[in-house]
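Visitor: So the sequence shown is numbered by numbering that gives the first Met the number 0: it starts at 0 and just counts up by one. Structure provided below as structure tokens; questions to follow.
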Amino acid sequence: MDWILLLRSLQSDFIKRLTSGCLLHCETEGQYSELTIISGERLKALREFCWEMAEKYKRTSPVRDVFVSNLKGKLGEEVVKERLAAFVTEVDYEKRFGIGDGKVDFTLTFD
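Listed below in structure tokens is the structure:
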């Protein structure tokens with residue numbers, strides 16, 4: 000594919016989103032925004048998981064560091080899940096013995 004065509008396509012998409020007023024946040028299906036908002040039950044489950052991991056590892060690492068590290072990881076997982084919803088499994092908040100959340104972020108739902 001010619002890279003100029005690709006860049007023009009991306010530029011056209013950006014201009015369309017910019018003029019529609021949906022650049023930063025858009026809830027329209029099929030239109031992606033530059034900002035992802037995580038709130039409500041999703042945020043509550045995410046924070047609860049991070050605090051539980053911080054509590055679990057408080058003897059070996061500073062609580063704040065463990066919380067922030069897990070928060071970054073789970074926020075990233077939530078964003079990927081939102082963008083690739085039909086292609087990956089749900090974000091895993093199950094705790095596994097000895098290894099936190101298992102360090103497996105997603106599984107493809109089909110090939």
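In this text, a Cβ means the ideal position worked out from N, Cα and C, and glycines have one as well.
Let's see if you can read the secondary structure: which residues bound the alpha helix (DSSP H) around Phe13?
Guide: Phe13 -> alpha helix (DSSP H) spans 2 to 19.
Visitor: Can you give the Cα-Cα distance for Asp91 and Lys15, rounded to whole angstroms?
Guide: Roughly 35 Å separates the two Cα atoms.
Visitor: Under the rule that 16 or more other beta-carbon atoms within 10 Å means buried, what is Val65, buried or exposed?
Guide: Buried.
Visitor: Give every residue of the same chain whose Cβ lies closer than 7 Å to the Cβ of Glu33, excluding the five residues on either side of it in the sequence, and list them in chain order.
Guide: Answer for Glu33: Leu22, Leu23, listed in chain order.
Visitor: Pull up the distance between the alpha-carbon of Ser68 and that of Glu51, whole angstroms please.
Guide: About 13 Å.
Visitor: Could you have a look at Val87 and say whether DSSP puts it in helix, strand or coil?
Guide: Reduced to three states, the DSSP call for Val87 is strand.
Visitor: Looking at the secondary structure, which residues open and close the alpha helix (DSSP H) in which Glu111 lies?
Guide: The requested residue 111 does not occur in the structure, where the chain is confined to residues 0 to 110.
Visitor: Is the beta carbon of Thr35 sitting closer than 7 Å to the one on Glu89?
Guide: Against a cut-off of 7 Å, the Cβ pair of Glu89 and Thr35 comes out as no contact.
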